[in-house]
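Before any comments, here is the structure.
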Amino acid sequence: MKILYKIGITLFTGLILTSCVVGKKYSRAELNSPDKYREEIAVTGDTVLLPWKSYYKDPLLVDLIEKALVKNNEVLIAMKSMEQLDLNYKQAKLSLLPTLDFDAGASRTYQSKKLAEWLVKRPIYE
């Protein structure tokens, strides 16, 4: 029994001591990263954002695009959902601001005439 006790203590001590061992000190590997992650975008005639009305010169095509934008329900739904997201963002952002609340109230109670008469007629000390 004593041998099992000594073996158990030895194993437990060895387990505790090995669990406290710290590995060698971490050294960060050096990265060969470029100074710029993205290249500069060259602005050409294709990349300039022009209003579509000035880009298309055909008045019939411009009229058809305007009608399609006005009557296209999917575009209207997408625009409304974008507006809703924008309003939700503004509401969440404004909820971080401090608030000031003010509350006022008044009340009045009336006693019945019989109670008032009884209070007047009763003697103060009996």
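Read in my numbering, the sequence shown has 97 at position 85, and its numbers run on one by one without any break.
Even glycine gets a Cβ: it sits at the ideal position worked out from N, Cα and C.
Boundaries of the alpha helix (DSSP H) around E129: 125-133. For the options K65, V132, L43, the alpha carbon positioned closest to that of Q123 is the one of V132. Per DSSP, the unbroken alpha helix (DSSP H) holding N100 starts and ends at 85-106. Under the DSSP assignment, Y67 falls in the alpha helix (DSSP H) whose first and last residues are 64-67. Take the alpha-carbon of I89 and the one of K79: they are about 16 Å apart. Secondary structure of D113 (DSSP, three-state): coil. The C-alpha of D98 lies about 11 Å from the C-alpha of M91.
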